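If you read the sequences in order, they're chains A and B.
Residue 572 is where the first sequence starts when you use our numbering, and the numbers rise one by one after that.
Residue 572 is where the second sequence starts when you use our numbering, and the numbers rise one by one after that.
Reviewing the structure listed below.
Protein chains: 2
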Amino acid sequence: MTWEGPKPISRVVEGLSRLPGIGPKTAQRLTYYLLRASREQVGELADALRDLKDNVKLCSTCFNISDQDPCHICTNPRRDQSTICVVEEPLDLVAIERTARFGGVYHVLHGAISPMDGIGPDELRIRPLISRLGPGTKVQEVILATNPNLEGDATAMYITKLVEPLGIKITRLARGLPIGGDLEYADEITLGNAFAGRS
Amino acid sequence: MTWEGPKPISRVVEGLSRLPGIGPKTAQRLTYYLLRASREQVGELADALRDLKDNVKLCSTCFNISDQDPCHICTNPRRDQSTICVVEEPLDLVAIERTARFGGVYHVLHGAISPMDGIGPDELRIRPLISRLGPGTKVQEVILATNPNLEGDATAMYITKLVEPLGIKITRLARGLPIGGDLEYADEITLGNAFAGRS
């Protein structure tokens, strides 16, 4: 055991170094920064952390994280309730909201099918999605915005099989070259898909 | 303004992105990690942050940060009170403690002389250091462990001028090649110093 500083300091170092991507050195640097920061700044961060666990819940309709249930996307009268965009994680939803190109509502699966990690369809919020598409539904299109990788594709395929019999339109996000990218640096699969999907 | 998620989330994202080296993307990733982390883990971090500001003070002898005054290095009867190691920052002290090669006590300056940044000797804890070396002192050696750069050298020089008349031994940390380093990759100044200081 090396000396890590007084207890109040080592507690913060420990707490921070448990965060992903933050090693003990970075945790120490951040802690010593906080020691010099204003009492207000540190107090505000501590309060925000407390609040995070106390006041964040899942929307019971779309399973997005929210401070109200149903969330303010599901209850927004200007959002098109007939189009559901299905994403793996809340952060994917945030990324799509940033584009300001989607005016429908969401469904957050909280993961993707991954037999290697022991995650099957029942671990995800797929069943409630199907319920939203049941008799009397207003939904006309389901956009599958799972990640463009093995797990995302498997999940999309699984959902497609369940949704198809309901006669609801299913689409997937386009695949191709990222804007601003350089053809020279595109991986062969992206480039191949871009060729196949040329328009 | 893009949508950053519900208020409790954006508060944590904001708080984290004010930390050095943590951009908005990383702050967001950490926040969503914390959302999934256990209530205990997040609560512990929040408490530790509060505690950091409430229970950490400066030792009135050596000015190291501590939860008690005088600190547990200054009050440790097994530490050699006749040798003071002068460092710029509390983190430097932690680094030296890790080596387990120093059994004396410390003096933390909280910075280095840097006219460019408007930091003169009076902004540092140099005066209290000189007081520790006054009449009746037990101190026999002052080790200047300021950083091996312009500011550190200027600070060491300044302190040397003040301490020399008191007849107390002054030393500086050795300079040379870092252990485990490769001669090929050593910068010319380090290599030059290593030559000059060869033994």
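All C-beta atoms in this analysis are idealised placements derived from N, C-alpha and C, irrespective of residue type, glycine included.
Nothing here was measured: the structure is a model prediction, and the numbers come from that model.
Handout entry: Contact residues within the stretch 624-636 of chain A, judged by C-beta distance below 7 Å to chain B
Key = If the cut-off is 7 Å between Cβ atoms, the stretch 624-636 of chain A has 624, 626, 627, 636 near chain B.
Exercise for the section: For residue 577 (chain A), decide whether its Cβ has a neighbour in chain B, counting only Cβ atoms nearer than 8 Å. Expected result: yes
Problem - alpha helix (DSSP H) runs contained entirely in the stretch 597-645 of chain A, provided each spans 4 or more residues - result: 610-626
Practice task
Please determine, among B:739, B:690, B:681, B:677, the residue with the shortest C-alpha to C-alpha distance to residue 707 (chain B).
Solution key: B:739
Practice task
Kindly list, in the order they appear in chain A, the residues whose Cβ is closer than 9 Å to that of residue 716 (chain B).
Solution key: None at all; the shortest Cβ gap to chain A is about 16 Å.
Exercise for the section: For chain B, find out if any of its Cβ atoms is closer than 8 Å to the Cβ of residue 683 (chain A); answer yes or no. Expected result: The beta-carbon of residue 683 (chain A) is placed no less than 8 Å from the nearest beta-carbon of chain B.
Exercise for the section: Tell me whether residue 590 (chain A) sits in a helix, a strand or coil according to DSSP, three-state version. Expected result: Coil at residue 590 (chain A), not helix or strand.
Handout entry: Three-pair Cβ contact test at 8 Å for the stretch 651-660 of chain B versus the stretch 708-720 of chain B
Key = yes
Handout entry: Closest residue to residue 638 (chain B) among A:579, A:742, A:704, A:726 (Cα-Cα distance)
Key = A:579
Practice task
Measure the alpha-carbon distance for residue 628 (chain B) versus residue 688 (chain B) and round it to whole angstroms.
Solution key: 25 Å
Problem - Residue of A:678, A:644, A:653, A:642 minimising C-alpha distance to residue 710 (chain A) - result: A:653
Practice task
Take residue 559 (chain A) and list the residues in its own chain whose beta-carbon comes closer than 8 Å to its own, dropping the five residues that flank it on each side.
Solution key: This structure cannot settle anything about residue 559 (chain A), because the visible part of chain A is limited to 572 through 770.
Exercise for the section: Kindly indicate which residue of A:758, A:727, A:699, A:592 has the alpha-carbon position closest to the one of residue 630 (chain A). Expected result: A:699
Exercise for the section: Would you please verify whether the beta carbon of residue 616 (chain A) is less than 8 Å from any beta carbon of chain B? Expected result: yes
Handout entry: Own chain residues within Cβ distance below 6 Å of residue 613 (chain B), not counting five before or after
Key = 605
Practice task
Could you name each continuous alpha helix (DSSP H) segment of 4 residues or more that falls completely within the stretch 734-769 of chain B, going from the start of the chain to the end?
Solution key: Listed in chain order, the alpha helix (DSSP H) elements of length 4 or more contained wholly in the stretch 734-769 of chain B are 759-767.
Exercise for the section: Could you pull the start and end residues of the alpha helix (DSSP H) that residue 715 (chain B) belongs to? Expected result: Per DSSP, residue 715 (chain B) belongs to no alpha helix (DSSP H); it is in the beta strand (DSSP E), 712-715.
Handout entry: Residues of the stretch 651-682 of chain A whose Cβ lies closer than 7 Å to any Cβ of chain B, in chain order
Key = 661, 662, 665, 668, 669
Exercise for the section: Return the residue from the list A:736, A:617, A:621, A:625 that minimises the CA-CA distance to residue 623 (chain B). Expected result: Taking each of A:736, A:617, A:621, A:625 in turn and checking the Cα distance to residue 623 (chain B), the smallest one comes out for A:617.
Exercise for the section: May I ask you to check if the CB of residue 724 (chain B) is nearer than 7 Å to at least one heavy atom of the ligand SAH? Expected result: With respect to the ligand SAH, the structure shown offers nothing to examine, as it has no ligands at all.
Handout entry: Where the stretch 594-607 of chain A meets chain B: residues whose CB sits under 8 Å from a CB there
Key = Contacts with chain B (Cβ-Cβ distance below 8 Å) from the stretch 594-607 of chain A involve 597, 599, 600, 601, 602, 603, 604, 605, 606, listed in chain order.
Exercise for the section: Please look up how many angstroms separate the CB atoms of residue 684 (chain B) and residue 690 (chain B), rounded, as I've assumed it's under 8 Å. Expected result: 6 Å
Handout entry: Same chain only: Cβ atoms within 8 Å of residue 729 (chain B), ignoring 5 sequence neighbours per side
Key = 684, 692, 697
Exercise for the section: Can you give me the Cβ contacts of residue 598 (chain A) inside the same chain, cut-off strictly under 6 Å, excluding the 5 residues immediately before and after it? Expected result: 584, 587, 588
Handout entry: Proximity of residue 704 (chain B) and residue 737 (chain B) at Cβ, strictly below 8 Å
Key = Cβ atoms of residue 704 (chain B) and residue 737 (chain B): closer than 8 Å.
Handout entry: 8 Å Cβ shell around residue 651 (chain A) - same chain, five flanking residues per side excluded
Key = 674, 675, 676
Practice task
Using 10 angstroms around the beta-carbon of residue 607 (chain B), count the other beta-carbons present and answer buried if the total reaches 16, otherwise exposed.
Solution key: exposed
Exercise for the section: Return yes when the Cβ of residue 601 (chain B) is within less than 8 Å of the Cβ of residue 664 (chain A), no when it is not. Expected result: no
Problem - Contact list for residue 586 (chain A) against chain B, beta-carbon separation under 7 Å - result: The contacting residues are 615, 616, 619.
Practice task
Would you please verify whether the beta carbon of residue 573 (chain A) is less than 8 Å from any beta carbon of chain B?
Solution key: The pLDDT assigned to residue 573 (chain A) is 46, lower than 50, so where the model puts this residue is not dependable; a value taken from the coordinates is nonetheless given after this. Yes, because at least one Cβ of chain B sits closer than 8 Å to the Cβ of residue 573 (chain A).
Handout entry: residue 720 (chain A) and residue 746 (chain A) closer than 8 Å at C-beta
Key = No.
Exercise for the section: Identify the continuous alpha helix (DSSP H) that holds residue 670 (chain B) and give its terminal residues. Expected result: 661-670
Handout entry: residue 708 (chain B) - DSSP class collapsed to helix/strand/coil
Key = coil
Handout entry: According to DSSP, residues forming a beta bridge with residue 677 (chain A)
Key = A:656
Problem - Member of A:734, A:670, A:609, A:766 whose CA lies at the smallest distance from the CA of residue 701 (chain A) - result: A:734
Handout entry: Burial state of residue 577 (chain A), where buried means 16 or more other Cβ atoms lie within 10 Å
Key = buried
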